[in-house]
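As numbered in our numbering, residues 7 to 384 make up the sequence shown, in order.
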Amino acid sequence: MSEYLPPEVITQILIRLPVESVVKCTAVCKAWYNLIKDPSFISGHLEAASASPSPHSDLLLLRLVRYGREVYQLRRDNDALEAYKQFLLPFVCGDGYFTVVCTCNGLICLADLWDIILWNPSIHKHFILPMSVLSYGLTSLSTLGFGFDSRTNDYKVLLFVPKSSSTENLTEVWLFSLNGCYWKKVSEIYPKHDWSRCKQAIVKGAFHWTTCSFNSNGDLFSHMILAFDISTEKFYAMDYPETLVHFAHEVLLTKYEDSIAVVTQNFDDGQIELWVMKDYGESSSWTKVLHSIDENGELVFGVECIDVFGVRKNGEVLLKVEWVDEDDYDLATLNLKCHQQEQELKLVHGNKVEYDDLFVGSFMESLVLLDIGQGHNV
7 MSEYLPPEVI TQILIRLPVE SVVKCTAVCK AWYNLIKDPS FISGHLEAAS ASPSPHSDLL
67 LLRLVRYGRE VYQLRRDNDA LEAYKQFLLP FVCGDGYFTV VCTCNGLICL ADLWDIILWN
127 PSIHKHFILP MSVLSYGLTS LSTLGFGFDS RTNDYKVLLF VPKSSSTENL TEVWLFSLNG
187 CYWKKVSEIY PKHDWSRCKQ AIVKGAFHWT TCSFNSNGDL FSHMILAFDI STEKFYAMDY
247 PETLVHFAHE VLLTKYEDSI AVVTQNFDDG QIELWVMKDY GESSSWTKVL HSIDENGELV
307 FGVECIDVFG VRKNGEVLLK VEWVDEDDYD LATLNLKCHQ QEQELKLVHG NKVEYDDLFV
367 GSFMESLVLL DIGQGHNV
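Right under this line is the structure:
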């Protein structure tokens, strides 16, 4: 029997290995090094991992800030949220702690007042975007989006930049291409809504933000959803649930299965509602699937929902809860579909929640960025 394996067989073997093993294989020989660092191999490895879910692809990223220190944890996306890996930042934030814009295909997009960084902690690589489009860095009014263009196999960052010198109060919109390593202006728009309060969700190849406008007195006037198709590079708008258009409290936009959902939180009475757009793009399909207080004003689950972090791949809502009459916080998941439509709250045992800021997002390990140089170099 021949000991020789054809190159295509070697490729198919390597492409199915976990990220850590593949990176080690770059040291075997020059041929394997060149093969693994080829963009087509990196894309193929990502496609294989996406097509066959594994413990390395079904993960959650938790970014916790406690006493000014950032900790990045990977948890398995299962009932227990088992610890998998933990990372420390390989760079220093210039202003407190980083904003986590989004996670996508193993990349974490981070931003502070001076930098926008794409970081792949699984392979210890990061790329700092050139900031030539900004004269004085980011501001609290700058809004970011980050995602993957499957049509061109490119990662893109969208940036809203208020033009403070403009008498018409224009906002510039810039788009960065990782493949080309350049910024280009997308459009100038008249911002009828407050971009500084935007929250991103990626659904059907488009960025989505919830935005709000204010009247002349500075009071909240209305909500809407702004979307940007990553491939066509076009904006479009979507309506909020009618009863929430003038909602004056915290609002979170998140992905729910293959559509979007809106989570509202009333800090006056602790009420939380979850609305799902059952048929994406159809405003008439908004449906309320969760209300944390019943018709008698009682807490439905005997706990107060403090924060809603988003929706997991299995459709369960991940949230932080506080026991009634106790000063104790826990991480919990809410199953909206079990027991003939009865909702079930499950505590994630051993996961006491103590943090100053927390981000939760889906994550998978990947080789993205392996083919480019560290830092600014491409």
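In this text, a Cβ means the ideal position worked out from N, Cα and C, and glycines have one as well. All values reported here derive from a predicted model rather than from experimental measurement.
Put simply, the backbone Cα of Ile48 is about 11 Å away from that of Thr17. Taking C-beta separations shorter than 7 Å and ignoring five residues to either side along the sequence, the partners of Ala212 in its chain run Ala233, Phe234, Asp235, Ile236, following chain order. Unbroken beta strand (DSSP E) runs of no fewer than 3 residues, entirely contained in the segment 96–130, are found at 105–110, 113–117, 122–126, following chain order.
For the pair Tyr90 and Leu68, the Cα-to-Cα distance works out to about 11 Å. In this structure, Met370 and Asn111 form a Cβ contact; the two beta carbons are roughly 7 Å apart against a cut-off of 8 Å.
Distance between Leu165 and Asp155, taken at the CA atoms: about 16 Å. Ser27 counts as exposed, since fewer than 16 other beta carbons sit within 10 angstroms of its beta carbon. Between Glu263 and Gly321, the C-beta gap is smaller than 9 Å, which places the two residues in contact. Between Val366 and Leu340, the C-beta gap is not smaller than 9 Å, which leaves the two residues out of contact. Per DSSP, Glu263 has no beta bridge partner at all. Within the DSSP bridge table, the entry for His62 names no partner. Beta-bridge partners assigned by DSSP to Met230: Thr217. Annotation for Val15: the continuous alpha helix (DSSP H) segment containing it runs 13–20. Secondary structure at Pro168: strand, using DSSP grouped into helix, strand and coil. Shown here, Ile48 sits in a helix according to DSSP, grouped into three states. The C-beta of Val268 has 16 or more other C-beta atoms within 10 Å across all chains shown, which makes the residue buried. The three-state secondary structure of Leu325, taken from DSSP, is strand. The three-state reading of DSSP puts Glu239 in coil, since its state is none of H, G, I, E or B.
The alpha carbon of Ser60 has as its nearest neighbour, out of Leu41, Asp83, Ile42, the alpha carbon of Asp83. In this model, His252 and Ile208 are separated by some 24 Å (Cα to Cα). Taking 9 Å as the cut-off, the Cβ atoms of Leu95 and Tyr161 do not count as close. For Val25, the uninterrupted alpha helix (DSSP H) run begins and ends at 25–31, by DSSP.
In this structure, Phe104 sits away from Asp85, with a CB-CB distance that is not shorter than 9 Å. Setting aside the 5 residues that flank it on each side, Trp189 is surrounded in the same chain by Val139, Trp180, Phe182, each with a C-beta closer than 6 Å to its C-beta; the list follows chain order. DSSP places Ala89 inside the beta strand (DSSP E), whose first and last residues are 89–93. Residue range 36–42 is occupied by the alpha helix (DSSP H) that includes Ala37.
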